[in-house]
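Read the structure below first, then the notes.
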Amino acid sequence: MAEIMIVEDHALSRQVLTNLFTSLGHRVLEATDGTAALSLVQANHPDLIISDILLPTIDGIEFARQLRSLPGKEDTPIIFYSATCRLQGELSLGQKCGTCQVIPKPSDPQYILATVNDLLAKNGKEVSPKVMHTSSPYDSPFGASSLTAGLQLATLADLSFSLISQRNPEQLLSCASRAAGEFLNCNSLLTICLDDGGKRYYWGRSENCNCESSLSVPEAIGEQVMRDLAPVSWGPIAGSWGYGLAVPFTTSGCAYGWHCVWDEDKTAAYTDKDRELIMTLSAYSALAYENILLFGALNKNEKHLEELVEERTAKLKETRTELLNVQRLESLGILAGGIAHNFNNALTAILGHIQVAKIMSTYEEGVVRNLKLAEDACFEAQDLTKKLLTFAKGGRPAKKVTALGPLLRDTVLFVLEDSAVMAKFQIALGLAAVEIDQGQIKQVIANLILNAQQAMTEGGAILIEAGNVEIDEDSSLLLPQGAYVRFSVTDTGVGIAPENLNNIFDPFFTTKELGNGLGLATAFSIVKNHGGVIAVESQKGTGATFNVYLPASKAGSLPEEAERTVQPTDGYILIIEDNRIIAQTLSELLEMHGYRVDWAKDGLEGLKLYQKSIDNYKFDAVIMDLVIPGGMGGKEAIGQLRKLDPTVKAVVISGYSNDPVMANWQEYGFDAAFPKPFKINELIQSLQNLINGK
């Protein structure tokens, strides 16, 4: 059997191809980039190489060029298997790089295997009899349909990144049309895009069709698709049209046109799976197309927007917020939400055991000190999950009244630890408290300090100021009148060029070689969601000052936070929590503070226990997890509890700190909310206040 090397940076695509060839008895070598592949090929002697074109370090074309220069590797067959050849139309790549074949993603596994067998046979290598003597595409435990689906899924994931990165609408639509044609293996595909009352046509595989005769059916079907915004299938029409499928090219906010695929040689209708595949591709391409239009509109109207800046600033802020919701950040938010929930649950269990150990080690000073450091580390880890959730969908920031001075000092000193840049603080006495999400505002401070530090390449000192200000009707800031806290970060670095001042808060705008353009955009979004603004003052060569305005809390000023000792109390608490470790740890902590505790694994069991307690000794308060997989969670259970007992004292806890319920818990019927992990002293204090009617 042959030795085949697969060079592919996307794990899913690489795994599908590996499974395909190893199931047929071939030996497979894997590399994730061109550099690794060159090292691997010198230590081995692959009979054939299958490579993507877009690769980290060096791309597939450069990899092929360098491979040809290696002694004994001049004639090693190479297959380019990549969506790039469809995007660029470079089917001449095989001749350009001395390769044997170019195969577009996705391709039928039978075609891939046939191509591989032809090349191996030409080079005198043994071909698997499973492939040579079977009527099926190949005889493997995975099955042709499974591997075809795997290749399609891998290519769809690959293609989604390519679509998102496009900045030319014509190239994007042509790419989407060709991709759909490859996915469904049809001989005719057309995307019709509505544009300012007219139509633009993007052909997939029918470039040479006569326009008038070729457009009658797609346009007629398209009218129904645009009217219903739903897929439409058809059977053979007028003898030569064959079976076809049309789907809307639309986002949640706008319909841009429709995709049509058909094949006069097709003998059966397109399946539900085909429909789902083309709908998914259409959704990706529509989102990417909409983003291109938004970026294009901003660039085209930049000069006009500058002239009307005062009356249009609010609209620009909305546009910036919309730009933060592009597909890549939505995907990140969804992923981050799931990670944060599981991570916060684990932290809650760890933190609970630490707090139990602290209580049990009261008189061992060294142990308590180390446990306190471990406890602080848990809350630092919690802050990391909050940073991940900045762009996730969900509720508003989980705010609490906070003294800004200590938060500023701690965050700045943490960021500048071991740095050549120093910090100078000028924080006014009697600084008003602010109602903020501490993790998010820490992220704002850290981003501004890192920006200042990177601008001060020769060292120096960053000035951090904070004070109370009043915003009146004459202020140039677009803020409601009232009391605010302003903190400022001033550096003595290189400053900001005038032409860049209007762009620094735009997502993905950066002047740094290694920057991603999200730091200031993230800070801007966070402050805006807190009802404040960020303003910048700078001239090239004289440094910069970033002023952050946050609404002052009605609580006035607060002393620096110190850990409070909660006095033992008593009461009967019901815990509704599906995680056994968290429930047991929380029960132990509550019992150490004098409470009696009962536990239910979901809302339904909790309701039964609460009903029984009404007739005997009623629970004084209920602590319930917001989400319980496979069972009734807090969001559903609170309504039922209120029916049983309108006076129930209910506290919601959750690892989903960005869930709307956690930000607006009063609206959902709760009396308090604690994102996991939480400090037990704060929870105990809240329970005491609720039970005592405070």
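The sequence shown: position 102 = 1404 (my numbering), numbered continuously. Just so you know, even glycine gets a beta-carbon here, dropped at the ideal spot from N, CA and C.
Identify whether residue i lies in helix, strand or coil by the three-state DSSP scheme.
i: I1993; result: helix
i: Q1841; result: coil
i: V1924; result: strand
i: A1705; result: coil
i: D1793; result: strand
i: S1721; result: coil
i: H1655; result: helix
i: P1411; result: helix
i: Q1740; result: helix
i: F1551; result: strand
i: K1695; result: Bear in mind that a pLDDT of 47 at K1695, under 50, signals an unreliable position, so the number given afterwards is only what the model happens to contain. Coil.
i: M1303; result: coil
i: Q1783; result: coil
i: Y1572; result: coil
i: L1876; result: strand
i: P1977; result: strand
i: C1556; result: coil
i: E1775; result: coil
i: I1363; result: helix
i: D1678; result: helix
i: S1341; result: helix
i: E1472; result: helix
i: S1371; result: coil
i: V1807; result: The identity of residue 1807 in the sequence shown is Phe, whereas the question assumes Val. The answer is coil: DSSP assigns F1807 none of H, G, I, E or B.
i: E1332; result: strand
i: A1590; result: helix
i: R1630; result: Low confidence applies to R1630: its pLDDT is 44, below 50, so where it sits in the model is not reliable, and the reading given next is rough at best. R1630: helix per DSSP, three-state reduction.
i: A1423; result: helix
i: N1849; result: strand
i: F1323; result: helix
i: A1313; result: helix
i: A1757; result: helix
i: A1864; result: In this prediction, A1864 has a pLDDT of 45, which is less than 50 and means its spatial position is unreliable; nothing more can be read from the coordinates.
i: A1768; result: strand
Measure the CB-CB distance between residue i and residue j and report whether it falls below 8 Å.
i: D1922; j: K1951; result: yes
i: V1771; j: F1848; result: no
i: L1822; j: G1834; result: no
i: I1828; j: Q1740; result: no
i: I1381; j: I1405; result: yes
i: I1351; j: T1334; result: no
i: A1700; j: S1959; result: yes
i: A1754; j: I1743; result: no
i: Y1591; j: L1474; result: yes
i: L1319; j: Q1344; result: no
i: A1974; j: S1988; result: yes
i: I1955; j: F1976; result: yes
i: L1365; j: L1340; result: A small correction: the amino acid at residue 1365 is Phe; Leu does not occupy that position in the sequence shown. The answer is yes: Cβ separation under 8 Å.
i: I1661; j: M1894; result: yes
i: I1363; j: P1471; result: no
i: I1925; j: I1986; result: no
i: T1713; j: A1748; result: yes
i: N1646; j: I1884; result: no
i: Y1897; j: L1943; result: no
i: V1796; j: A1825; result: no
i: I1916; j: D1961; result: no
i: L1673; j: A1659; result: yes
If contacts are defined as beta-carbon pairs under 8 Å, then residue i and residue j qualify, I think. What distance do you get, rounded to the angstrom?
i: E1938; j: G1905; result: 6 Å
i: L1245; j: G1941; result: Residue 1245 is absent from the model: the chain starts at 1303 and stops at 1996.
i: L1649; j: C1680; result: 5 Å
i: Y1919; j: Y1874; result: 6 Å
i: G1769; j: V1723; result: Not confirmed; about 23 Å, so no contact.
i: I1751; j: L1718; result: 7 Å
i: G1374; j: T1359; result: So it is not a contact: roughly 23 Å between Cβ atoms.
### Task
Decide yes or no for the touch test of the stretch 1836 to 1847 against the stretch 1881 to 1894: beta carbon pairs closer than 8 Å, at least 3 of them.
Too few Cβ pairs lie closer than 8 Å, so no.
### Query
Going along the chain, which unbroken runs of the alpha helix (DSSP H) with 4 or more residues stay wholly within the stretch 1878 to 1963?
Runs found: 1882 to 1894, 1905 to 1917 and 1936 to 1946.
#### Entry: Three CB pairs or more closer than 8 Å across the stretch 1724 to 1739 and the stretch 1785 to 1801
At 8 Å Cβ cutoff, the stretches touch.
### Query
Is it a yes or a no for the stretch 1304 to 1311 touching the stretch 1319 to 1326, going by three-plus beta-carbon pairs under 8 Å?
In short, these stretches touch, since the Cβ pair count reaches three.
### Task
Count the C-beta pairs between the stretch 1796 to 1808 and the stretch 1709 to 1717 that are closer than 8 Å, then say yes if the count reaches three, no if not.
Fewer than three beta-carbon pairs drawn from the stretch 1796 to 1808 and the stretch 1709 to 1717 are found closer than 8 Å, and the two stretches are therefore not classed as touching.
### Query
Does the stretch 1554 to 1566 come close enough to the stretch 1578 to 1596 that 3 or more CB-CB pairs lie under 8 Å?
Because the criterion of three Cβ pairs below 8 Å is met, the stretch 1578 to 1596 and the stretch 1554 to 1566 touch.
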